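Note sheet for the following structure.
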Amino acid sequence: MKEKLQAIREEALAQIEQAGALDKLNDVRVNFLGKKGKLTAVLKSMKEIAPEERPAFGQLVNETRAQIENFLDETKKTLEAQALERQLKSEVIDVTLPAKKSSVGHRHPNTIALEEVERIFIGMGYEVVEGPEVEYDLYNFEKLNIPANHPAKDEQDTFYINKEIVLRTQTSPVQARVMEQGKLPIRMIAPGRVFRSDEVDATHSPSFHQIEGLVIDKNITFADLKGTLEEFAKELFGPETKTKFRPHHFPFTEPSAEVDVSCFKCGGKGCRFCKGSGWIEILGCGMVHPHVLEMCGIDPEEYTGFAFGVGLERIALLKYEIDDMRLLYEDDVRFLKQF
Amino acid sequence: MNTTLSWIKAYVPDLDCTAQEYTDAMTLSGTKVEGYTAADRDLDRIVIGQIEQIEPHPDADKLIICQVNIGEKTIQIVTGAPNVSVGDKVPVVLDGGKVAGNHDGKMTEGGIPIKKGKLRGIESNGMMCSIEELGSSRDMYPEAPEFGIYIFPEDAEVGADAIEALGLHDVTFEYEITSNRVDCFGVIGIAREAAATFGKEFRPPVVTKTGNEEQASDYIKVTVKDTELCPRYCARVVKNIKIAPSPKWMQRRLAAAGIRPINNIVDITNYIMEEYGQPMHAYDYDQLAGHEIIVRRAEPGETFVTLDDQERHLDENVLMICDGEKSVGIAGIMGGENSMITDQVKTMLFEAACFDGTNIRLSSKRIGLRTEASAKFEKGLDPNNAEEAINRACQLVEEMGAGEVVGGMADVYPVKREPVRIPFEPEKINKLLGTKLSEEEMLGYFRKIDLGYDEAAREVIAPTFRQDLFRTADLAEEVARFYGYANIPMTLPTGEATTGKLPFDLRVRQVAQDIAEFCGFSQGMMYSFESPKAFDKLMIPEDSPLRDAIKIMNPLGEDFSIMRTQSVNGMLTALGFNYSHRNKNVRLYELANVYLPKALPLTELPDERVQFTLGMYGEGDFFTMKGVVEELFDKLGITAGRTYAPEGKRPYLHPGRQAEIYCGKIQVGYLGEVHPTVADTYGIGERAYLAVLDMPEVTRLATFDRQYQGIAKFPAVTRDISMVVPKEILAGQIEAMIVQRGGKILESCQLFDIYEGAQIRSGFKSMAYSITFRAKDRTLGEADITAAMKKIWNGLESMKIEIRA
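What follows is the structure in structure tokens.
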């Protein structure tokens, strides 16, 4: 019997070795270890063996079974590994084939620029405020130190609804509205649509967007204005950006300034975007005129403040190198999907 | 405003800087230089030569051969110019030099290089030039011949720099002067700024006493009837006038400022306007009836012929200069033909006045005539400058020998303008600027720009030419300008901390943008104003309140004349634009206002309502659009009672494919397929869809609050129900019934099949729903389900729905 077991073992191991595939391997298992298998048959013939030899024989059968099973398992693992490898090999794809994109829409470049600006100022503790686009002359002009008959009010610049109501020409009236509410200190930005009577062309639009900024508190200085706008410029255009403050005149600020930033296209060396100067004008600003504070019920002896106004389109056009303002209002998806 | 560097240097003799240095420094001290042009930028190696000999060219009738002495030697030049003769002194470009343009006046950027060469076989070592080739014109150099070579006066130095002799080694600066700095609309004002900027001495012209022993008041009587519109009127008289060309130096300065020299008298008035910023006028004294001047408002309906021979229609708001009988000029705008000076003038009246700036601006606009003079007057001039200017003019008359100045001045100046006194509060200035400057430093800056200081009263005295200085903040700007904006430190505001925030409605709008973009819609921007024709294009009925739009008084044209009351015209226009540009599958959204007047004509501000407008064509249908709306509602936590009512009331939408959107009882918007006729009108060649949500209402309903619902522990049971439904019954009605009858254990109901057609009798449709039940606290038994389903069945059958399974 011992020899017979030996023979079964040899045969089984040989067949496992030659199986080569998982289904054949299973056949081998059934052939030897199954209910009608060869080893099972040997076990069944145990009754022909003398009782005193049975334990030793039983042990021998179990050993043989264990050996076959071990070898079966090992071989199975190897074959499975080979099969997986074959599968993976056969499933190689061309990763350079085109992507299947879900067609996500795109924000308008103006909005992208606006959200950048909002993010920067919200981070500095500013609240975003909105005001009406159809506005009283009182807020758009009078309260900003632009009295009746000021040249800026000329019909050629302002769209009038009637004598008292205009399409706002700037976001600055929001300043007056917020100051009038009397809640101090103020740190706000007011983005929005403004209107000027300019014919549509590559650099003009009768409707465009501005972002107004206003800070009113005790002890606000021109130095604070400079520091704030320097921070803003560095955030928006990169940490290398420099600012240049030039004296200017606005009726509702004193002192006033225009601010240039070092050209963010060429870094200040001079290129077509900065017309060779290395600087790009981006905003107007100044210390809120004491008379404006007075008109809005704030005591200029106690409070001071600064204000600034940025043209949103100007930033968007510069940042994205858009050479024609009309593109912003044509809504051509071939344009919009680039942002 | 333009000035040349040489004219500035006339008053700031020590000024020594390059054009670029001047540009940068002046801009940083507040006199913005927009750019500059060097007159000699394209001129090189040009000297004064004298023609010593002229011979004909052997092979060309039209050419001559000249021997030209250029100082150190004599060179041979071949020319075709017809106007030169032996002895003439002419500008000569030497070999290797360049000129600015052609003799026809056409300029070449970068200049035209001149090389020696041969003309028809004869050697030519340079070129003699016309004034046009030198980059200028006969307008500016009236002595230049009409065709041909410029010829210098006899005293010109042979071999000298011809560019220098013509005054072309000069730079013209173009300034952007802000409206508050009226003084800088004159060369003197800018020169004062330049001197202060560079720390050099300022030497303005010294105006000396002029005139004979006679008195102007014996010649002329001046009456000002409206002193508000004419705060000052100065007049002086010049007799025995000798009209002649003005001297070269004056011609050059005017020419560089772009003013064509005419004759001595006209040139003096123009020169004073440039130098002092004070427009002047010269009248022929002998044409002034009664030898008097009356300044009064025009008669209603008055007409007047100005010296450009145009008849002008005036009204009583226009200020006129009149003599004893008639009008002789429109004040501050233009003189009249009837009193203008001619070459025959013997005696003239000089006028230097100050008019109300606003009135001049409005008059000039109404008449439709804007002149150099009116552009100056409309800024509001300093009445004290007028006297200085007219005396300077008379000084020039005497210096130039243009006539005999009568002594004295007729002057109407009832309210003298006094300098403004401003308390000097250096600590406040430092506090406003964030600086630590000493009093002495500040006073130093004030002195540089001729501001006075009363030490006893501690007051800064702003001369009347500075009409922009009233209070401490104004002085702070003067300090900042000369201390240098760049030198002011950079700090951040200190004080009470504030919270940065985006208000709720803007957060809601951002969610709307996000959802739209996730769903493939890109953001467009449309104009707020549009054409009233939009209503017809949208087939909006004549009596619709949507047509009550706000009109702009002065629109850019009819197409931009009303404030929109709906946002769909803009969206459809954008879709049409894309369609015509062959863009496929276009999806756009917009977030912007409509403007709904509370009453017309407008007495208070309109209701501005942000509309979230979605438009699309290409892939997708009504239900795609509805899906976007639903996604938004989900994201904004708007769950209660969303209903879609097919009211069919939007004329621009397909009558059977539109729905009003309600959340509970509140209407938040509508959506639908664009009416085929409207789509056609806008040039959209396929089915298009719109959805419009009224953001104020959406915002009112929106919430970012959420409450976590425990994930179900007990199993759900699903039953399908299939039915034949009369066509007019809406899915929404069926769902409402299922929800109502299903009770607390109903989790959801989902339409999974809908069919109309062959197997279904006409007027009916087949629908199938999958209904899911679940209890939070137990596993549902068969009895629960059967009872619930029975109720649903009964409910549906009461709607005349036939249940199939």
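These protein sequence lines map, in sequence, to chains Y and E. Mapping the first sequence onto the working numbering, position 248 (from 1) lands on 248, and the numbers just tick up by one. In the working numbering, each residue's number is its place in the second sequence (first place is 1) plus 1000. Quick reminder that beta carbons are idealized off the backbone N, C-alpha and C, glycines included. None of these values were measured; they are calculated from a predicted model.
Query, Result
"Near-chain Y residues of the region 1023 to 1045 of chain E (beta-carbon distance less than 9 Å), N- to C-terminal order", "Thr-1027, Leu-1028, Ser-1029, Gly-1030, Thr-1031, Lys-1032"
"Identity of the residue in E:Arg-1458, E:Glu-1558, E:Thr-1306, E:Arg-1041 nearest E:Pro-1426 by Cα", "E:Arg-1458"
"Where the region 184 to 218 of chain Y meets chain E: residues whose CB sits under 7 Å from a CB there", "Pro-185, Arg-187, Arg-193, Ser-197, Glu-199, Pro-206, Ser-207, Val-215, Asp-217, Lys-218"
"Supposed contact pair E:Val-1047 and E:Ile-1065 - C-beta distance, whole angstroms, cut 8 Å", "That pair is no contact at about 19 Å."
"E:Cys-1184, DSSP secondary structure in three states", "helix"
"For Y:Glu-321, the residue or residues it bridges with in DSSP", "Answer by DSSP bridge pairing: none, since Y:Glu-321 is not bridged."
"Exposure label - E:Phe-1752; buried when at least 16 CB within 10 Å", "exposed"
"Residue interval of the beta strand (DSSP E) (run including E:Phe-1752)", "1746 to 1755"
"For E:Gly-1484 and E:Leu-1028, believed in contact at Cβ under 8 Å, the rounded distance", "7 Å"
"Closest residue to E:Thr-1269 among E:His-1057, E:Pro-1383, E:Phe-1350, E:Gln-1513 (Cα-Cα distance)", "E:Phe-1350"
"contact_flag[the region 1303 to 1318 of chain E, the region 1243 to 1257 of chain E] where n(CB pairs < 8 Å) is 3 or more", "no"
"E:Cys-1394 in three-state terms, based on DSSP", "helix"
"Where Y:Ile-49 falls, given that 16 or more other Cβ within 10 Å makes a residue buried", "exposed"
"Proximity to E:Val-1629 [Cα-Cα], best of E:Tyr-1589, E:Lys-1665, E:Val-1674, E:Leu-1602", "E:Tyr-1589"
"E:Glu-1072 versus E:Phe-1173: straight-line alpha-carbon distance, rounded", "36 Å"
"Candidates E:Ile-1131, E:Val-1725, E:Lys-1791, E:Leu-1746: closest to E:Ala-1768 by CA position", "E:Val-1725"
"Interface flag, E:Met-1695 vs chain Y, CB-CB below 8 Å", "no"
"Min CB distance E:Lys-1501 to chain Y below 8 Å", "yes"
"Proximity test, Cβ basis, 8 Å: E:Cys-1354 and chain Y", "no"
"Straight-line gap, Y:Thr-171 to E:Ile-1711 (C-alpha atoms, nearest Å)", "50 Å"
"Y:Pro-55, buried or exposed, once every other Cβ within 10 Å from all chains shown has been counted against 16", "exposed"
"Interface residues of the region 117 to 141 of chain Y facing chain E [CB-CB below 9 Å]", "Glu-118, Phe-121, Ile-122, Gly-123, Met-124, Gly-125, Tyr-126, Glu-127, Val-128, Val-129, Glu-130, Pro-132, Glu-133, Val-134, Glu-135, Tyr-136"
"Test item: CB-CB of Y:Gly-123 and E:Gly-1444 under 8 Å", "no"
"For Y:His-289 and Y:Phe-252, believed in contact at Cβ under 8 Å, the rounded distance", "5 Å"
"Any non-hydrogen atom of the ligand MN within 7 Å of Y:Ser-256 CB", "The model on display carries no ligand, and the ligand MN is accordingly not part of it."
"Within 8 Å, strictly: CB atoms of E:Val-1206 and E:Trp-1007", "no"
"Cutoff 8 Å: Y:Leu-336 Cβ touching any chain E Cβ", "yes"
"Length of the line joining the Cα atoms of E:Thr-1472 and Y:Leu-318", "37 Å"
"Length of the line joining the Cα atoms of E:Tyr-1682 and Y:Ser-207", "23 Å"
"Proximal chain E residues relative to Y:Glu-103, where beta-carbon distance stays under 7 Å", "Reading the sequence as shown, one finds Ser at residue 103 of chain Y and not Glu. Those within 7 Å of Y:Ser-103 in chain E are Gly-1520."
"Residue-chain proximity (Y:Thr-111, chain E), Cβ-Cβ < 8 Å", "yes"
"Three CB pairs or more closer than 8 Å across the region 1790 to 1803 of chain E and the region 1738 to 1749 of chain E", "yes"
"Below-8 Å beta-carbon distance, Y:Thr-228 vs any chain E residue", "yes"
"Closer than 9 Å at the beta carbon, the chain E residues around Y:Asn-162", "Met-1553, Pro-1601, Leu-1602, Thr-1603"
"Inside the region 1654 to 1685 of chain E only - alpha helix (DSSP H) runs reaching at least 4 residues", "1676 to 1681"
"Cβ-Cβ distance between Y:Val-310 and Y:Leu-144 below 8 Å", "no"
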